[in-house]
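In this note's numbering, the protein residues as written are 714 to 966. Read through the structure below, which is laid out as structure tokens, and then see the notes.
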Ligand SMILES: Nc1ncnc2c1ncn2[C@@H]1O[C@H](COP(=O)(O)OP(=O)(O)OP(=O)(O)O)[C@@H](O)[C@H]1O
Ligand SMILES: [Mg+2]
């Protein structure tokens, strides 16, 4: 089985220990140690350039890290391969939405669902099963009516919804979303909030990056704060958002 579908008590979460990543000698992440709680929703916050996306890119093997260890469940990694991310029980979206623009919304979903690298265990499954899943998710993210449209013709918000749908096609424990709310109109914001709540209510772990402190306060149970590539602090939402260091980090943003 590749994709992980496990209960909370079987999944021990994600932890980084002393993780460092530099670009051309400049540390985007500097000796970062934290744990993402497996229960509920965790937001990762911090000013522009504080290393949030880099962190997610390291956890999902999009970028290699220079030093440190990432622990996922009971396994420790000094190298993470992107194609193994579903094996680690993780799916994600990108800050810059990544779709196949020349393909329809429907085909963008089917590509994920029929990806043999992601789902070797599903090769034998019937095409109708993939189609049912694609339909279910497109309806859930509100993109069913748009299924025949080319992805490249979608609005910004619709592209975000489709990308979240593609991440949701993987039946895993942890969903990491890099700025799912950025640039959305209020109606779309509400839809994405509901989607995240739906994922969480199925017992999954939701991790999202956001600059919108109202949404962070409203949705998250836990917060991890980065500042200039360093771990600043982490904890329960109300506790953290009222700390002077956090307020200062944001005023400095
Ligand atoms: N591929 C890359 N090559 C070179 N530098 C990079 C690369 N990715 C990130 N950086 C640098 O690393 C630092 C952290 O960037 P990152 O994108 O992780 O920040 P962020 O917290 O996600 O910011 P934002 O809120 O603007 O999305 C920045 O200084 C950025 O310029
Ligand atoms: Mg970012």
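Cβ atoms here follow ideal geometry from the backbone N, Cα and C, with glycine treated the same way. It should be emphasised that the depicted structure is a prediction, and the values quoted were computed from it without experimental measurement.
From this set, 844, 755, 759, which residue's C-alpha is nearest residue 945's C-alpha? 759
Report yes if the C-beta of residue 767 is less than 8 angstroms from at least one heavy atom of ligand 1; otherwise report no. yes
Closest to residue 885 by C-alpha separation, out of 779, 757, 770, 800, would be which residue? 800
Cα-Cα separation between residue 853 and residue 932, rounded to whole angstroms: 19 angstroms
Using 10 angstroms around the beta-carbon of residue 794, count the other beta-carbons present and answer buried if the total reaches 16, otherwise exposed. exposed
Given a threshold of 16 other Cβ atoms within 10 Å of its Cβ, counted over all protein chains shown, does residue 720 qualify as buried or as exposed? Confidence at residue 720 is low in this model, with a pLDDT of 43, below 50, so its placement is unreliable and the value that follows should be read with caution. Residue 720 is exposed by the Cβ-count criterion.
Based on DSSP bridge pairs, tell me the residues matched to residue 788. 785
Near ligand 1: residue 777 beta-carbon under 8 angstroms from a heavy atom: no
What are the boundary residues of the alpha helix (DSSP H) that residue 766 is part of? 765-772
Taking the alpha-carbon positions, what's the residue 765 to residue 736 distance? Whole-angstrom Cα-Cα distance: 14 angstroms.
Test item: CB-CB of residue 877 and residue 806 under 9 angstroms: With respect to residue 806, residue 877 sits close: the two C-beta atoms are nearer than 9 angstroms.
Hey, out of 942, 934, 860, whose CA is closest to residue 671's CA? Summary: the structure shown does not reach residue 671, with the chain confined to residues 714 through 966, and so no result is reported for it.
For residue 922, verify whether its CB is less than 8 angstroms away from any heavy atom of ligand 2. yes
Would you mind listing the beta strand (DSSP E) stretches within the segment 897-931 that are 3+ residues and don't spill past its ends, in chain order? 918-922
What residues match up with residue 804 in a beta bridge as DSSP calls it? 888
9 angstroms Cβ cutoff met for residue 843 and residue 892: no
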